[in-house]
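Single-structure report; data block below.
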Amino acid sequence: MAKGFKFRLDPLLRIRQRAEDERKQAFGKVVGKLNEQTERARRYDESIRQEHRNLRNGHLVGEIDTRHLAHHRLYVNSMMRGLVQTLCERAMTQQESEKARAAMAEAVKGRKVLENLKARRHGEWQTHEDKVEAHLLDEMGVVAHRRPREADAS
């Protein structure tokens, strides 16, 4: 019998696997960044809502301090600018995420193509090896069957 199965494209398969792993890591980083931006936007939104609740509950009763209202408005406006900036960054990161997802899908596809080819070639090799083994066993049976007749003939 011959040596074991050897796939000539194994180095290329390893390269594609490594490329896929790199794409997965890049996609994971982008998703992490996206999650962080979502959380930051949520915190901004919650802070703005809390400031509005605080203003309604405590400072709109009795004498109104216009300086406090002006400072409050500046603070809330700065929080809103931060929220808008974070949402813009998140939109850009979402686009990056889609590109990274597409690159990862392409890398997975490339790896799977080679794995399927390897599996098919291994199946072909195994079929060939089975045929060779069957042929050798048939020959051994024929030789074993002839020897007793040759011994009887002499």
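Residue numbers (the numbering used here): -15 to 138. A virtual CB, placed ideally from N, CA and C, is assigned to each residue, including glycine. Note that the coordinates shown come from a computational prediction; the quantities given were computed from them, not determined experimentally.
Exercise for review: Could you tell me whether any Cβ in chain C is nearer than 7 Å to the Cβ of S31?
Suggested key: Structure shown: chain C not included; a single protein chain is present.
Check your understanding: Would a C-beta distance cut-off of 7 Å place E30 and A91 closer than the cut-off?
Key -> no
Check your understanding: Which residues bound the alpha helix (DSSP H) around K17?
Key -> -6 to 38
Review point. Which one of L121, A103, R95, H56 has the shortest CA to CA distance from N38?
Key: H56
Practice item. Closer than 8 Å by C-beta to I32: which residues in its own chain qualify, once you throw out the five before and the five after it? Chain order, please. Key: V60, M63, M64, L67
**Study point:** As assigned by DSSP and simplified to three states, the class of E47
**Key:** coil
Exercise for review: For my contact list, L(-7) and L98 are in at a C-beta cut-off of 8 Å; report their separation, rounded to the angstrom.
Suggested key: 6 Å
Check your understanding: So what's T(-10) in DSSP terms, helix, strand or just coil?
Key -> The question names Thr, but residue -10 in the sequence shown is Lys. Residue state, collapsed to three classes: coil.
Practice item. With a 10 Å radius around its C-beta and 16 neighbouring C-beta atoms as the bar for buried, classify Q21 as buried or exposed. Key: buried
Check your understanding: Is it a yes or a no for the region 45 to 54 touching the region 116 to 126, going by three-plus beta-carbon pairs under 8 Å?
Key -> no
Practice item. Please report how far the alpha carbon of G107 lies from the alpha carbon of G(-12), in whole angstroms. Key: 12 Å
Practice item. Report back the beta-carbon spacing between R7 and A87 to the nearest angstrom; my notes put them in contact at under 8 Å. Key: 5 Å
Practice item. Count the other CB atoms, across all protein chains shown, that sit within 10 Å of the CB of T50; report buried if there are 16 or more and exposed otherwise. Key: exposed
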